[in-house]
Structure formats: structure tokens, C-alpha cells
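>
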Amino acid sequence: MRSHLWFLHDGAPAHYSIGVRLHLNATYGQQWIGRVVQCFGPLDRQTFTLDLENLIAFNTIIFIAGDFNAKSRTWNCRTGYRFGKQLETFARLTGQKIIAPVIPTRYDRRRATIIDLAVTRNFNYACNATAEDELSSDHLPVKFWLNTNTDPYLNKTYRPHLKNFQQQIISNPTNNFNQQCVNDIEEEIKRFTTELQTTFKGTGKWVEKQNEEHSNEIRIQT
Numbered sequence: 001m002r003s004h005l006w007f008l009h010d011g012a013p014a015h016y017s018i019g020v021r022l023h024l025n026a027t028y029g030q031q032w033i034g035r036v037v038q039c040f041g042p043l044d045r046q047t048f049t050l051d052l053e054n055l056i057a058f059n060t061i062i063f064i065a066g067d068f069n070a071k072s073r074t075w076n077c078r079t080g081y082r083f084g085k086q087l088e089t090f091a092r093l094t095g096q097k098i099i100a101p102v103i104p105t106r107y108d109r110r111r112a113t114i115i116d117l118a119v120t121r122n123f124n125y126a127c128n129a130t131a132e133d134e135l136s137s138d139h140l141p142v143k144f145w146l147n148t149n150t151d152p153y154l155n156k157t158y159r160p161h162l163k164n165f166q167q168q169i170i171s172n173p174t175n176n177f178n179q180q181c182v183n184d185i186e187e188e189i190k191r192f193t194t195e196l197q198t199t200f201k202g203t204g205k206w207v208e209k210q211n212e213e214h215s216n217e218i219r220i221q222t
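The numbering of the sequence shown is UniProt numbering, which starts it at 1 and goes up by one.
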């Protein structure tokens with residue numbers, strides 16, 4: 001799992017000392033991002049998701065966590081912001097999932113917001129996020145809990161290919177069954193059942209479950 005994890009680090013000056021960077025290098029190697037220009041430099045709508053695009057282009061499975069400085073009502077911020085909307089749209093178009101705590105992660109004199117979160121893609125583990133009650137800075141630490149015992153097909157459904165299944169069954173070698181006793185019949189039934197199950201699983205494919213879209217009227221009724 002560690003080979004697919006990238007850490008997005010808050011690049012504020014107080015968090016970017018040589019000691020902090022040495023610790024990140026020792027912990028994450030080359031798989032951490034610091035001082036993301038779109039978060040801590042002049043914000044630009046066109047380049048806000050550029051780093052995410054680059055990671056997606058070269059990594060099939062991603063888990064990116066950190067301070068995205070993006071606010072959206074989708075992850076329980078009191079008010080939204082254009083970069084939160086952009087991150088939300090980008091995640092939807094690229095098949096990513098946003099995991100955020102349910103309580104604020106950053107506090108200042110004006111408001112509390114949720115901007116420390118994770119973005120995942122093709123990450124088949126159940127995951128949730130909790131903000132720890134330890135205000136040592138203006139950000140609360142966020143803990144991501146990953147269930148490594150998750151069924152890898154939890155978010156997938158099996159789609160059989162009946163034509164391929166039929167052709168494979170026909171092409172399987174014929175077994176010359178010579179019954180000698182009742183046990184021979186039982187053994188032949190087991191063998192044929194196993195052959196059918198193996199062929200069925202081998203001729204279809206697992207696909208991602210599609211989210212069902214319902215109108216507000218249907219949501220209210222259900």
C-alpha cells in the first residue's frame with residue numbers, strides 16, 4: 001500500500017524547515033509534495049489540479065492526503081469556494097473519491113473549515129477520516145483509517161460474458177466418463193461443477209459499480 005501513497009504537505013514556512021523535510025524524506029521518500037504552488041502561491045484556476053493530473057497520468061492507484069485549501073459544501077464546509085467546486089468536478093470526471101472528516105480541520109478568527117482531506121483513485125480499501133482534537137497549530141491533525149481487510153471487489157460487480165462462456169464450455173476437452181459405482185457419479189458432478197464455475201469466472205470481468213442518479217422526488221419518497 002505504501003508504494004501507492006503520496007503525502008501532500010502543508011508548505012507554510014513554519015512547516016517547511018530542514019528538519020521537517022528530512023523527516024518527510026525518511027518517511028515517504030520521493031512520494032510527498034511540498035509547497036504546492038496552487039495552494040500557497042497565487043491561486044490559478046487553470047493550474048489548481050495540475051499536480052493531481054500529473055500523478056494520475058503516471059499512477060494507476062493513488063492516495064493523496066493533505067491541505068488542499070479547497071472548500072465545498074460537499075464535505076461539510078459552511079461555505080463553498082471555486083477551488084472546492086473545481087476539485088469536486090475534477091474528482092468526478094477522473095473517477096476519484098474525496099475523503100474528508102465531518103468536523104472542521106482548520107480554525108481561524110473568522111471561521112472553521114474542512115480543507116485537510118484525501119483524494120483516492122482505484123483504491124479498493126474502506127477508508128474514513130477523523131480530525132484529532134489536538135490544536136497545536138491552526139490545523140487539526142487528520143487520521144485516515146484504512147481497512148486492509150476490505151474485499152477488493154467491494155465497489156465492483158461481476159459482468160458475465162455468456163457467449164464466451166458458451167464457447168469455452170464447448171471447447172473444453174470431453175471427459176470419457178465410465179461409471180463404476182455411485183461415488184464415480186458424485187466425483188463427476190463435482191468435477192463438472194468446478195469446470196462450470198471456473199469457466200464462468202474466467203470469461204467475464206469485474207467492473208466498477210455505477211452510481212445511481214435519482215431525482216429529488218424519488219429521494220424524498222425513499
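Beta carbons are placed, not taken as given, at the ideal position from N, Cα and C, and that holds for glycine.
Can you look up F144 in the DSSP assignment and give me helix, strand or coil?
Correct three-state label for F144: strand.
> For the candidate residues Q197, L146, N76, whose alpha-carbon lies nearest to that of L162?
The residue with the shortest Cα to Cα distance from L162 is Q197.
> Pairs of beta-carbons, one from the stretch 68 to 75 and one from the stretch 100 to 114, closer than 8 Å: are there three or more?
At 8 Å Cβ cutoff, the stretches touch.
> If distances are taken between C-alpha atoms only, which option among I56, D51, H23 comes closest to residue 227?
Limits of the chain in this structure are 1 at one end and 222 at the other, which puts residue 227 out of reach.
> Report the residue ranges of all beta strand (DSSP E) runs contained in full by the UniProt domain "Endonuclease/exonuclease/phosphatase" (46 to 142); include only those spanning at least 3 residues, in chain order.
You should have 62 to 67, 96 to 99, 116 to 121, 126 to 131.
> Taking K156 as the reference, which of T105, N178, N124 has the closest Cα?
If we check each option's Cα against that of K156, N124 comes out closest.
> Identify the continuous beta strand (DSSP E) that holds T193 and give its terminal residues.
Unbroken run through T193 is the alpha helix (DSSP H), 182 to 203; no beta strand (DSSP E).
> Taking the alpha-carbon positions, what's the L43 to E132 distance?
With a pLDDT of only 46 at L43, under 50, the local geometry of the prediction cannot be trusted, and the value read off the model is given with reservation. When rounded, the distance between both Cα atoms is 28 Å.
> In whole angstroms, what separates the C-alpha of V102 from that of A126?
If you take the alpha carbons of V102 and A126, they lie about 16 Å apart.
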